[in-house]
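The structure under discussion appears below in the form of structure tokens.
Residue numbers (the working numbering): 32 to 255.
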């Protein structure tokens, strides 16, 4: 379903003869098309968005568009995945405790998801979700393969290290996301400017509360 994501070496331009105009590398074309798809989605909504509109907005030919994204659904799957779900957390070698590591992870994800451009895309997705089965399928498929996986990996490793392997990591990940990044995203949809210090403080308190509750639950289980 996903369009092929080119390797970095694919983005290197081929050798050209003297005077030959530079050709746009595949990764540049792809990014330009995704940017156009973002604008078209926000302007027209998913139902009215068309490959014709995206091609026109990007300045690319429809042939080029279909070479990279064989269908409208695949194009918007790639857009939403790239803008909201694809995330590689920073390795925090300076984290003194697991709590510090978790707070840093949450801050990285929040910084990505509450950017103005990300929030505007989320608004467009919300507006289109009620009328488009495609958007709902895209979001479910990306959620299953993306969004909470970073949390699930961290939580699975943390719980195992504490001697309490959890059986419902998915639910724990949703709880953690909702208490921290999810709440900040909701606020950003209503309040355009979120103070960075307030955001950091909110994530810190949310992470600490989550971990405290998790340990309290483990202690309760042991005492029963």
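Idealized CB from N, CA, C, for every residue including glycine.
It should be emphasised that the depicted structure is a prediction, and the values quoted were computed from it without experimental measurement.
Which class does residue 199 belong to by DSSP, given the choice of helix, strand or coil?
Taking the chain shown and counting its residues from 1, the one referred to as residue 199 is at position 168. Coil at residue 199, not helix or strand.
What is the rounded straight-line gap between the Cα of residue 168 and the Cα of residue 254?
Working through the chain shown from its first residue, we reach residue 168 at position 137. Working through the chain shown from its first residue, we reach residue 254 at position 223. Using only the alpha carbons, I get a separation of about 44 Å.
Please go through the same chain and pick out, in chain order, the residues whose beta-carbon is closer than 6 Å to the beta-carbon of residue 72, but skip the five residues on each side of it.
Walking along the chain shown from the start, residue 72 turns up at place 41. Closer than 6 Å at Cβ, skipping near neighbours: 80, 155.
Keeping to the same chain, check which residues put their C-beta closer than 7 Å to that of residue 60; ignore five residues upstream and five downstream.
In the chain shown, counting from the first residue as 1, residue 60 sits at position 29. Excluding sequence neighbours, residue 60 sits near 91, 95, 99.
Candidates 83, 228, 97: closest to residue 57 by CA position
Within the chain shown, residue 57 is the residue found at index 26, counting from 1. Considering only alpha carbons, the answer is 97.
Taking the continuous alpha helix (DSSP H) assigned at residue 225, which residues delimit it?
What you label residue 225 is simply residue 194 of the chain shown in a count that begins at 1. Taken as a continuous stretch (DSSP letters only), residue 225 belongs to no alpha helix (DSSP H), as it is neither H nor E.
Can you tell me whether residue 237 is buried or exposed? The criterion is at least 16 other CB atoms within 10 Å of its CB, across all chains shown.
Working through the chain shown from its first residue, we reach residue 237 at position 206. So residue 237 counts as buried.
If I'm right that residue 110 touches residue 65 with Cβ under 8 Å, what's the distance once you round it to whole angstroms?
Here residue 110 is taken as the residue at index 79 of the chain shown, counted from 1. Here residue 65 is taken as the residue at index 34 of the chain shown, counted from 1. Going by Cβ atoms, the distance from residue 110 to residue 65 rounds to 5 Å, so yes, they are a contact pair.
How about the region 133 to 145 and the region 237 to 249: do they share at least three Cβ pairs that are nearer than 8 Å?
yes
Please report the distance separating the alpha-carbon of residue 220 from that of residue 226.
Walking along the chain shown from the start, residue 220 turns up at place 189. Walking along the chain shown from the start, residue 226 turns up at place 195. So the alpha carbons of these two residues sit roughly 14 Å apart.
What residues in its chain sit with their C-beta under 6 Å from that of residue 207, if we drop five residues either side in the sequence?
Here residue 207 refers to the residue found at position 176 when the chain shown is read from its first residue. 182, 241.
When you compare only the Cα positions, how much space is there between residue 232 and residue 93?
Indexing the chain shown from 1 puts residue 232 at position 201. Indexing the chain shown from 1 puts residue 93 at position 62. Their backbone Cα atoms lie some 47 Å apart in a straight line.
Look at the alpha carbon of residue 68 and the alpha carbon of residue 106, and state the distance between them as a whole number of angstroms.
For this step, residue 68 is matched to residue 37 along the chain shown. For this step, residue 106 is matched to residue 75 along the chain shown. Cα to Cα, residue 68 sits roughly 8 Å from residue 106.
Terminal residues of the continuous alpha helix (DSSP H) containing residue 107?
As a position in the chain shown, residue 107 is number 76, starting the count at 1. Residues 103 to 111.
Go to residue 182, then tell me how far its alpha helix (DSSP H) extends in each direction, as first and last residue.
Counting from 1 along the chain shown, the entry for residue 182 is found at position 151. Per DSSP, residue 182 belongs to the alpha helix (DSSP H) from 180 to 192.
If distances are taken between C-alpha atoms only, which option among 195, 160, 171 comes closest to residue 247?
By one-based count along the chain shown, residue 247 stands at place 216. The candidate whose alpha carbon is nearest that of residue 247 is 195.
Closest Cα partner of residue 216 within the set 142, 171, 170
Position 185 of the chain shown, counted from the first residue, corresponds to residue 216. Closest option to residue 216, Cα to Cα, is 142.
Applying the criterion that 16 or more other CB atoms from any shown protein chain within 10 Å of the CB defines a buried residue, is residue 211 buried or exposed?
As a position in the chain shown, residue 211 is number 180, starting the count at 1. It counts as buried.
May I ask you to report which of helix, strand or coil DSSP gives residue 81?
Working through the chain shown from its first residue, we reach residue 81 at position 50. Looking at residue 81 - three-state DSSP - the assignment turns out to be coil, as it is neither helix nor strand.
Do you know offhand how far residue 222's Cα is from residue 160's?
Your numbering for residue 222 matches position 191 in the chain shown. Your numbering for residue 160 matches position 129 in the chain shown. Taking the straight line joining both Cα atoms gives about 22 Å.
Whole angstroms are fine: how far does the CA of residue 104 sit from the CA of residue 252?
Here residue 252 refers to the residue found at position 221 of the chain shown. Here residue 104 refers to the residue found at position 73 of the chain shown. Going by the C-alpha atoms only, they are around 46 Å apart.
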